[in-house]
Amino acid sequence: ARLLGSALRAASGKARRLRGARAVVCVPDHATSLERHVLRQVCRDAGINQVRSVPHSVAAAAGAGVSGSPAGALLVDVGEHRTSASMIALGTALVTRTVKRGAGSVDTWLMRHAREEHALTIGAQVAEEAKLAAALETGARLPVRGQDRDEGLPRVGELTVAEVRAVLRPVYEDVARLVAGVLDASPPELVDDVFERGVLLHGGGARLYGLDAHLRQELGMPVHLVESGAETAVEGAWLLAAEGPVLELA
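Residues are numbered in the numbering used here as their position in the sequence shown, beginning at 1, plus a constant of 122.
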């Protein structure tokens with residue numbers, strides 16, 4: 123809410139056109155009624171009196187090109203610290219599950235692994251670089267710069283590609299269980315649709331090395347990466363803004 127308020131104040135200061143404007147607000151599926159109210163109030167305070175509130179998963183479905191279809195679509199949003207899976211049909215999220223794990227969890231675990239197994243303290247940026255290097259398969263060993271855990275002096279250590287990928291695996295397993303839970307809670311006919319269409323991965327962490335392949339193996343169904351990635355929900359919100367009336371805030 124603070125971030126939204128800051129952005130609206132900045133826009134208002136530059137354009138002075140927000141009063142009476144219309145807005146589309148992409149709301150997290152797990153948001154409470156209080157959190158939704160706060161977002162509405164932020165819009166009011168900025169002078170916006172018309173808004174269309176869209177659940178994040180529904181906006182993502184529109185961005186992925188599957189909104190409004192009666193066939194089931196299963197979208198998985200892999201964020202930095204949270205991953206959500208939603209079964210969508212007819213523009214509605216029928217089942218949504220969330221786990222507090224994401225691409226950023228890998229960086230945290232790599233930092234812990236380097237400290238415990240190599241006595242090397244590394245930062246989040248170095249962990250991110252090691253994660254990306256392992257995805258590109260640049261070599262069996264990856265040099266990492268950090269600080270000696272015991273002496274506190276700068277040191278260059280090594281992580282193997284196999285080590286990095288082993289750290290990735292728990293995240294893959296969490297996402298697979300998350301998707302399986304959504305499938306289990308969904309109507310059989312929609313599950314059949316997903317077996318035909320495949321699972322759609324989006325979000326900033328969707329291209330985490332090997333995630334799509336792991337899900338294909340564990341779930342036994344196709345898994346596709348949505349081209350727009352982290353921008354899927356944003357693109358969907360723009361598309362939905364062109365449909366139907368914008369609702370006035372009560």
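The beta-carbon is built from N, C-alpha and C at its ideal position, and this holds for glycine as well.
Residue pairing for MET209: DSSP places it in a beta bridge opposite LEU196, VAL217. Annotation for PRO265: VAL278, GLY279, GLU280 place their beta carbon closer than 8 Å to its own, counting only its chain and skipping 5 residues before and after.
Between GLY185 and THR354, the C-beta gap is smaller than 8 Å, which places the two residues in contact.
Under the three-state reduction of DSSP, VAL188 is assigned to coil, being neither helix nor strand. Around GLY320, the same chain offers MET343, PRO344, VAL345, HIS346 as residues with beta carbons nearer than 7 Å, after the five sequence neighbours per side are excluded. Sequence-distant partners of ALA236 (beyond 5 residues in either direction) whose C-beta falls short of 8 Å from its own C-beta, in its chain, are LEU242, THR243, ILE244, ALA249, VAL266, GLY268, GLY279, LEU281.
Cβ-Cβ distances below 7 Å link ALA181 to CYS148, ALA355, GLY358, ALA359, LEU362 in the same chain, with the five nearest sequence neighbours on each side left out; the list follows chain order. Burial check for HIS152: the Cβ neighbour count within 10 Å stays below 16, so the residue is exposed. Minimum Cα-Cα distance from VAL198 among the listed residues ASP272, TYR294, VAL286 corresponds to TYR294. Apart from sequence neighbours up to five positions away, the residues of its chain that approach PRO177 with a beta-carbon distance below 7 Å are VAL149, ASP151, ALA215, ordered along the chain. Judged by their CB atoms, LEU290 and VAL228 are nearer to each other than the 8 Å cut-off. DSSP places THR230 in no beta strand (DSSP E) but in the uninterrupted alpha helix (DSSP H) bounded by 225–240. For ILE210 against ALA246, the beta-carbon gap comes to about 33 Å, at or over 8 Å, which does not count as contact. If the five residues before and after LYS222 are omitted, its C-beta is found closer than 7 Å to the C-beta atoms of HIS203, ARG204, all from its own chain and listed in chain order.
Secondary structure at ALA302: helix, using DSSP grouped into helix, strand and coil. Put simply, of PRO309, ASP334, GLY187, GLY303 the residue whose alpha carbon is nearest the alpha carbon of GLY213 is GLY187. Inclusion of GLY351 and GLY326 in the CB contact set at 8 Å is warranted, their separation being smaller than that value.
Annotated three-state conformation of PRO292 is helix, per DSSP.
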